[in-house]
Amino acid sequence: MGFDFDILRRIARDKFIHILESSPTGKIVVFDVSLLKPLDRIVGASILKQHGVNKIYKFHEFTAKLAENAHYCIYVVPPTVRHAQIIAQQVCDSTRECSCRFTVVFVPVKFAFCDRVLEKNGASGLIQVEEFSWSFVPLEADLLSMELPRFMAVARSLVDFQTLYGVFPAFTCIGRYSCIVERLTKTLTLDIVNSGSKFPSQTFTDAFLIDRSVDFATVFLSCLTYESLVDEFFTIQCGYVEFGPEVTKKDRPQRRLLNAGDQVFALIRDKHFSDVFRILKKSTEHLRKEFDKRQKLTTDELKHFIRTDLKDLKVEHQSLAFHITVSEVIEQRRELEEQLDFENRIISDLDYSSSFDFIRDCVALQIPENICLSLICLLSLVQNGLAQKDYNTLRSEFLQAYGHRHLVTFFALNSPSAGFRGLCKRFKLAPGDDVFRQEESGNLAYVFNGAYVPFACQTVKMAFETSKAKDEFFHSLGCLAELQRSSDEAIIPSRRSIFVCFLGGVTYAEIAGLRLLSQLKQCDICIAATSVVSPVFASVRNSVHF
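Quick note: the sequence shown uses full-length UniProt numbering, first residue 1, plus one each step.
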């Protein structure tokens, strides 16, 4: 069946255009860099130009002098004290020298303290204040992201989503924060009920709201799918990647959108990296055969070939060459074998002392700090907290090697974990080394080289079990799970469709695992999240801030 989520983009785009149209032409727009990528997926530079925007600036590069030749200046920024102070100063400086009118758009919400900061700095009467938020932004046909990780923003997005696609017949919340968001959602949904617009979903049969804190292991482990490795080495932001000269062979970086529109990328994105070169080779051979066909064509057939097939074949050829180059760069850079071995040992709770010594060696060799932090966090998670002596040793050596900016992180690590080892054993999340590691076997642990099954994938699998098995599964989670059922009669689609929403971000490992599960169970799975996070420590630090 698939999903059609473009209406979410159109609604957000129209809301932003309405803000733009409130000012005549001759506008400049100043974006905070953190909002550029999601807004680019919603509106894009071409739409901004169509609605009177002459120039676009990044907030950290903008100065009051740049507003002198503009009639209207629109700031689009997060609602923070720092942004409000800088804007107030720039507006006060500009109004002395030009007649530019100013609007500040706070994303996702305008807070009262922002107005107070503007007033305190003498700019409240000089600025029109607006707010703008979006629901989920479609990154793929089956992937939605908010890029706005706040409780209320998530709850409102879920309400808007159910207004469009119907109320979920069953809503399973896993994790403390998920239960909080569900209760907020239920409160906001009263508006739908009172307006009489509530209707059962004809699209989704099940819905899950999963808290990132239930399964941090998925973020600490090294995912070996092609898309995850591209993100690790080049960084994917809202589907966009900037590739440097080692890939482009040019002086300037190349910005590229990676999505299912790229047929080669769609073919390899969720594959284990060890399988990528084989698939690319097979695609290259197929492409060569397609090109060779023209040698046997008549003149009329050749004309038809040029009109219809040649352009697509050239695009595929360029894409193949590009992804072969990217794969070669990743292959040259990655040195994961020993790290993967110890990740497997840690998650399987084998040979603690050698894992501890390996981490100390990594710190001593000054391996990139995100790798060391991930290993330390993974070890602490599996051991339900480190022994005080070992904790002190790792903290001392790490802070001496990398600096003291992660002192607060180690303070948080001193707290015991919430029984991850028991969760791992109870739900068979660590299948061990004796399993076939490719996705063709149907083993969801292939994303981590056979070491670990993402908890979310194991949870969604339960949607296909009997009611008794599902109840037993969620009962075993105890206070981690809460099941809400709609009282309305839901119209069950002929093909099962499942909505899975992640609080605190979703990893590419979980995305790949859920897509494989969708193929195995012949169902549709929509993945939504506050953001898509990388399997490195820096992403975890950002993703858990609500």
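Even for Gly, the Cβ is constructed at its ideal location relative to N, Cα and C.
If you're wondering where the values come from, they're calculated on a predicted model, not measured in any experiment.
Measuring only the C-alpha atoms, how far is E140 from K296? 39 angstroms
DSSP on T530, reduced to helix/strand/coil? coil
Which residue wins for smallest C-alpha separation from C377, given the options Q366, I359, K389? I359
Could you please give me the residues that DSSP links to Y177 through a beta bridge? None, per the DSSP bridge assignment.
What number of angstroms, rounded off, separates the C-alpha of D40 from the C-alpha of L48? 10 angstroms
For S543, does the three-state DSSP call read helix, strand or coil? Because S543 sits at a pLDDT of 38, beneath the cut-off of 50, its placement in the model cannot be relied upon, and the following sentence gives the value as read from the coordinates. Correct three-state label for S543: helix.
I'd like to confirm the pairing. Which residues does DSSP put opposite S497 in its beta bridges? D524
My output table needs one value for L143: the three-state DSSP class, helix, strand or coil. Judged by DSSP in its simplified three-state form, L143 adopts strand.
In chain order, which continuous runs of the alpha helix (DSSP H) of length 4 or greater are located wholly inside the stretch 300 to 353? 310 to 333, 337 to 347
Nearest to residue 564 by CA position, among L158, L184, T95, V241, is which residue? The question about residue 564 has no answer, for the chain in this structure spans 1 to 546.
Name the residue from K521, A512, C457 whose alpha carbon lies nearest to the alpha carbon of D215. C457
Return yes when the Cβ of A64 is within less than 8 angstroms of the Cβ of V90, no when it is not. A small fix is needed here, since residue 90 is Gln in this sequence, not Val. Yes. Within cutoff.
Beta carbon of V315, beta carbon of I347: below 8 angstroms? no
Local Cβ density within 10 Å of D251, reported as buried at 16 or more and exposed below that: Result: exposed.
Once you ignore the five residues that flank L126 on each side, which residues in its own chain have a CB closer than 7 angstroms to its CB? V91, T95, F102
Coil, strand or helix - T205 by DSSP: coil
Candidates V532, L373, A45: which alpha carbon is nearest Y57's? A45
If you drop the 5 nearest sequence neighbours on each side, which residues of the same chain put their C-beta closer than 7 angstroms to that of I511? L143, I527
If you reduce the DSSP assignment to three classes, tell me which class N54 lands in. strand
What are the start and end residues of the alpha helix (DSSP H) that includes Q263? 263 to 268
Measure how close the beta-carbons of L340 and N449 come, nearest whole angstrom, since I'm counting them as under 8 angstroms. 6 angstroms
Any idea what DSSP makes of K461, helix, strand or coil? helix
Neighbourhood of I268 by C-beta distance below 6 angstroms, restricted to the same chain and skipping five residues each side: Cβ within range, chain order: Y226, V276, I279.
Within 10 angstroms of the Cβ of K389, are there 16 or more other Cβ atoms? Answer buried if so, exposed if not. exposed
Using the C-alpha atoms, what's the distance from C114 back to T80? 7 angstroms
Beta-carbon separation of V137 and P38 under 8 angstroms? yes
When you compare only the Cα positions, how much space is there between L407 and F220? 19 angstroms
Compare the beta carbon distance of T189 and Q162 with 8 angstroms and say whether it is the shorter of the two. yes
Tell whether a beta-carbon distance below 8 angstroms holds between V104 and D32. Contact annotation: V104 and D32 have beta-carbon atoms that are not nearer than 8 angstroms.
In terms of DSSP beta bridges, what is H272 paired with? T225
So is S353 buried or exposed if we call it buried at 16+ other beta carbons inside 10 Å? Exposed, because fewer than 16 other Cβ atoms sit within 10 Å of the Cβ of S353.
Residues sharing a beta bridge with L503, DSSP: D211
Can you check which of these residues, R255, C372, V460, N370, is closest to L520 by C-alpha distance? V460
In three-state terms, what does DSSP make of V453? coil
Return yes when the Cβ of V532 is within less than 8 angstroms of the Cβ of G504, no when it is not. Result no, Cβ atoms of G504 and V532 do not sit closer than 8 angstroms.
Buried or exposed: H545, going by 16 or more other Cβ atoms within 10 Å of its Cβ? Note that H545 has pLDDT 34, beneath the 50 cutoff, so the model's placement of it is unreliable and the number below is only indicative. The residue in question, H545, is exposed, as its Cβ has fewer than 16 Cβ neighbours within 10 Å.
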